[in-house]
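Numbering (our numbering), first residue to last: 193 to 337.
All C-beta atoms in this analysis are idealised placements derived from N, C-alpha and C, irrespective of residue type, glycine included.
Just so you know, these numbers come straight off a predicted model, no measurement behind them.
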């Protein structure tokens, strides 16, 4: 391994020169993960409430089974809610790992950027599925299948 006139390897020089950047990146990732985790929590709360209060109401004679249980639009509504909740939970888990992580130089090679990317894509898909479930719920409510 080559060394400079001060006896430092290229990796040692890089680490020394970029210490402030490492701290700044760690703070940026934590603030980004914190705000995105809040959004994921709101989506989880909305999806949980939507899963409990189904559009069209429940059949009281049949032990609370939803009235439109076998209709295709209702099945699409329920599936979109379940997938949205799963993707929001996944993003919450990944954002939590980012918030609780120690930020070392090696973490920024693949691990932390990949976790942030997967968590952001997961959160974005949860948001799209939330909108899809909302539109499907409005369709069920307005058309009454």
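Residue i classed as buried or exposed, judged by whether at least 16 other C-beta atoms fall within 10 angstroms
i	result
residue 328	buried
residue 316	exposed
residue 310	exposed
residue 334	exposed
Close-in-space but distant-in-sequence residues of the same chain around residue i (CB under 6 Å, 5 per side omitted)
i	result
residue 321	272, 275 and 276
residue 318	235, 276, 279 and 280
residue 256	250
residue 232	280, 283, 284 and 315
residue 259	248, 249 and 251
Beta-carbon proximity list for residue i, same chain, < 8 Å, skipping 5 on both sides
i	result
residue 222	290 and 291
residue 205	196
Check whether residue i and residue j have beta carbons under 9 Å apart
i	j	result
residue 284	residue 229	yes
residue 218	residue 332	no
residue 282	residue 312	no
C-alpha distance - residue i paired with residue j, whole-angstrom precision
i	j	result
residue 288	residue 225	8 Å
residue 197	residue 207	17 Å
residue 243	residue 307	28 Å
residue 215	residue 261	52 Å
residue 266	residue 210	54 Å
residue 296	residue 213	11 Å
residue 202	residue 220	26 Å
residue 245	residue 330	13 Å
residue 304	residue 199	31 Å
residue 294	residue 227	19 Å
Own chain residues within Cβ distance below 7 Å of residue i, not counting five before or after
i	result
residue 325	242, 269, 272, 273 and 276
Any C-beta of chain B under 9 Å from that of residue i
i	result
residue 204	The chain labelled as chain B is not found in the depicted structure, where only one protein chain is given.
Just checking, does the segment 239-258 make contact with the segment 298-309 on the three C-beta pairs under 8 Å criterion? Under the Cβ criterion (8 Å, minimum of three pairs), the segment 239-258 does not count as touching the segment 298-309.
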